[in-house]
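Step one of this worksheet: look at the structure below.
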Amino acid sequence: MSDMLALTMGDPAGIGPEITVGAWRALRHGGPSFVVIGDPGILTRAGGTVRVVGDVAAARGAFADAIPVLSQALAAPVTPGHPDSANAGAITASIARAVRLAQADEVAGIVTNPISKVVLRRAGFPHPGHTEYLGELCDMPGREVMMLACPHLRVVPVTVHVALRRALDELDAAAIIRATRTTHAALRRDFGLVVPRIAVAGLNPHAGEGGTMGTEERDIIIPAMEVLRAEGMDITGPWPPDTMFTPAARARYDVAMCMYHDQGLIPLKTLDMAQGVNVTLGLPIIRTSPDHGTAFDIAGHGTADPSSLVAALRMAAEMAVHRNRS
Numbered sequence: 001m002s003d004m005l006a007l008t009m010g011d012p013a014g015i016g017p018e019i020t021v022g023a024w025r026a027l028r029h030g031g032p033s034f035v036v037i038g039d040p041g042i043l044t045r046a047g048g049t050v051r052v053v054g055d056v057a058a059a060r061g062a063f064a065d066a067i068p069v070l071s072q073a074l075a076a077p078v079t080p081g082h083p084d085s086a087n088a089g090a091i092t093a094s095i096a097r098a099v100r101l102a103q104a105d106e107v108a109g110i111v112t113n114p115i116s117k118v119v120l121r122r123a124g125f126p127h128p129g130h131t132e133y134l135g136e137l138c139d140m141p142g143r144e145v146m147m148l149a150c151p152h153l154r155v156v157p158v159t160v161h162v163a164l165r166r167a168l169d170e171l172d173a174a175a176i177i178r179a180t181r182t183t184h185a186a187l188r189r190d191f192g193l194v195v196p197r198i199a200v201a202g203l204n205p206h207a208g209e210g211g212t213m214g215t216e217e218r219d220i221i222i223p224a225m226e227v228l229r230a231e232g233m234d235i236t237g238p239w240p241p242d243t244m245f246t247p248a249a250r251a252r253y254d255v256a257m258c259m260y261h262d263q264g265l266i267p268l269k270t271l272d273m274a275q276g277v278n279v280t281l282g283l284p285i286i287r288t289s290p291d292h293g294t295a296f297d298i299a300g301h302g303t304a305d306p307s308s309l310v311a312a313l314r315m316a317a318e319m320a321v322h323r324n325r326s
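Residue numbers for the sequence shown follow UniProt numbering, beginning at 1 and rising by one.
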């Protein structure tokens with residue numbers, strides 16, 4: 001398998017071009033190598049030294065001297081900070097092409113630059129986000145699981161890109177079991193944890209306080225945990241959500257299973273947004289991304305921090321090493 005990574009363009013009007021250039025500068029002399037699938041002119045205008053290549057093999061030889069690019073034409077000119085849905089087809093084509101390269105073992109994994117769900121939706125994109133689109137591209141819709149990771153914490157939301165009111169309706173024991181099984185397998189395969197320690201968050205204040213502040217723990221979460229514990233998992237909880245992210249608590253587990261999106265993402269991004277990485281678990285390919293969005297408000301200003309993208313590239317490379325050993 002190749003040790004190269006494929007990096008998608010993301011929304012070209014966002015900070016993707018700037019952080020791509022910054023990541024290449026940080027990694028060109030000693031980090032994981034990557035090939036960008038995107039518009040070479042956008043990267044040049046962002047200050048990058050660019051070389052258009054015809055395949056991944058050529059990209060490997062070019063990386064120390066220039067950002068290797070597999071060209072993906074845009075439909076409309078790009079102005080930083082002003083996204084255009086006319087380019088939605090190129091954005092999604094970049095993702096699909098990266099997936100095909102990973103499926104063919106031409107790259108070790110893919111890393112995705114930020115996209116705007118609103119911009120894509122205006123062009124008819126039917127998916128809530130990257131995670132769900134990747135599930136479809138890999139012919140595994142509904143089996144993908146989103147994990148956010150930084151050096152201090154890993155979190156997995158059981159319900160993801162849905163309104164909070166709908167998330168409460170969708171939360172059930174089957175969803176918790178499915179997400180936790182996928183997470184457990186991925187931590188073993190891609191992160192080298194022989195016996196992952198899994199903490200499960202409660203949904204309600206004080207994890208329901210024995211049913212006086214909500215019954216979801218008793219009726220949904222604990223029955224799911226009993227099934228998983230019977231399968232041999234090291235699983236604890238339900239933990240009161242307001243205390244499970246302290247330093248002492250975090251030392252007792254490897255991942256926190258959270259019941260809804262913000263329950264997990266708020267503590268992780270508060271702890272270390274610069275090093276945060278979004279990881280899609282449960283797919284036959286490796287995929288990571290920065291844990292931030294397109295930041296149209298600062299695009300083109302030259303102030304975007306590439307740290308999260310650098311961390312995503314490093315994590316994808318480390319995951320590939322673990323996966324090749326398994």
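Ideal Cβ positions, reconstructed from N, Cα and C, are used throughout, including at glycine.
Beta strand (DSSP E) segment containing residue i, residue limits
| i | result |
| --- | --- |
| Pro-238 | 234-239 |
| Thr-288 | 287-290 |
| Leu-153 | 153-157 |
| Thr-280 | 277-281 |
| Arg-197 | 197-201 |
| Thr-8 | 5-8 |
| Ile-220 | Looking at the DSSP string, Ile-220 is not in any beta strand (DSSP E), and its letter there is neither H nor E. |
| Gly-109 | 109-111 |
| Met-257 | 255-258 |
Expected contact under 8 Å - CB spacing of residue i and residue j to nearest Å
| i | j | result |
| --- | --- | --- |
| Ala-86 | Ala-96 | That pair is no contact at about 18 Å. |
| Pro-83 | Phe-296 | 6 Å |
| Val-156 | Cys-258 | 7 Å |
| Asp-172 | Ile-220 | 6 Å |
| Val-255 | Pro-196 | 6 Å |
| Gly-14 | Thr-294 | 3 Å |
| Pro-287 | Gly-109 | Per the sequence shown, residue 287 should be read as Arg rather than Pro. Arg-287 to Gly-109, Cβ: 6 Å. Contact. |
| His-292 | Met-273 | 7 Å |
| Leu-148 | Leu-268 | 5 Å |
| His-322 | Arg-189 | 7 Å |
| Val-160 | Thr-131 | 7 Å |
| Met-140 | Gly-48 | Incorrect: roughly 34 Å between the Cβ atoms, too far for contact. |
| Gly-300 | Gly-81 | 6 Å |
Spatially closest choice to residue i from the options, by CA coordinates
| i | options | result |
| --- | --- | --- |
| Thr-182 | Ala-108, Pro-284, Ala-230 and Pro-267 | Pro-284 |
| Thr-8 | Ile-19, Thr-243 and Val-36 | Val-36 |
| Gly-124 | Ile-91, Gly-135 and Ala-108 | Ile-91 |
| Tyr-260 | Ala-201, Ile-115 and Thr-49 | Ala-201 |
| Gly-38 | Gly-302, Val-78, Arg-143 and His-152 | Val-78 |
| Gly-264 | Val-111, Gly-192, Gly-109 and His-152 | His-152 |
| Arg-45 | Arg-197, Trp-239 and Ile-19 | Ile-19 |
| Arg-25 | Ala-66, Leu-271 and Asp-105 | Ala-66 |
| Thr-270 | Asp-254, His-161, Arg-252 and Thr-246 | Thr-246 |
| Thr-303 | Val-50, Gly-22, Asp-169 and Met-146 | Gly-22 |
| Ala-59 | Glu-106, Val-162, Gly-129 and Ala-149 | Glu-106 |
| Ala-62 | Phe-34, Ala-251, Pro-114 and Gly-89 | Phe-34 |
| Met-225 | Ala-199, Tyr-133 and Gly-192 | Ala-199 |
| Ala-57 | Ser-94, Pro-80, Gly-81 and Ala-6 | Ala-6 |
| Ile-176 | Ser-116, His-301, Met-146 and Cys-150 | Met-146 |
| His-29 | Val-194, Ala-64, Arg-51 and Ala-317 | Ala-64 |
| Pro-205 | Thr-243, Val-194, Glu-170 and Ala-179 | Thr-243 |
| Arg-252 | Arg-154, Glu-170 and Leu-168 | Arg-154 |
| Thr-215 | Asn-278, Val-50, Leu-168 and Gln-275 | Leu-168 |
| Ala-102 | Ile-298, Ser-2, Ile-266 and Pro-306 | Ser-2 |
Whole-angstrom distance between residue j and residue i, CA atom to CA atom
| i | j | result |
| --- | --- | --- |
| Ala-248 | Gly-16 | 36 Å |
| Ala-73 | Val-310 | 25 Å |
| Pro-68 | Pro-290 | 20 Å |
| Val-53 | Glu-209 | 60 Å |
| Arg-218 | Gly-10 | 42 Å |
| residue 376 | Leu-120 | The question about residue 376 has no answer, for the chain in this structure spans 1 to 326. |
| Thr-280 | Asn-324 | 17 Å |
| Leu-70 | Thr-112 | 15 Å |
| Ala-312 | Met-4 | 14 Å |
| Ala-207 | Pro-238 | 6 Å |
| residue 376 | Ser-308 | Here the chain has residues from 1 to 326 only, and residue 376 is not among them. |
| Leu-203 | Val-227 | 18 Å |
| Gly-135 | Phe-191 | 20 Å |
| Leu-27 | Met-233 | 37 Å |
| Ala-98 | Met-213 | 46 Å |
| Arg-100 | Gly-129 | 19 Å |
| Gly-89 | Leu-137 | 15 Å |
| Met-319 | Glu-144 | 17 Å |
| Thr-180 | Ala-230 | 13 Å |
| Pro-241 | Gly-211 | 15 Å |
For residue i, the first and last residue of its enclosing alpha helix (DSSP H)
| i | result |
| --- | --- |
| Leu-164 | 164-170 |
| Phe-191 | 173-191 |
| Ala-320 | 307-325 |
| Gly-38 | Premise fails: Gly-38 lies in the beta strand (DSSP E), 34-38, not in any alpha helix (DSSP H). |
| Val-21 | 16-27 |
| Ala-248 | 247-250 |
| Pro-267 | 261-272 |
Chain D contact for residue i (CB, 9 Å cutoff)
| i | result |
| --- | --- |
| Gly-202 | In the structure shown, chain D cannot be found, because there is only a single protein chain. |
For this session: Can you check the region 51-99 for any beta strand (DSSP E) of at least 3 residues that lies completely inside it and give the ranges in chain order?
Result: 67-71
Exercise. In chain order, which continuous runs of the alpha helix (DSSP H) of length 4 or greater are located wholly inside the region 114-155?
Worked result: 117-122 and 130-137
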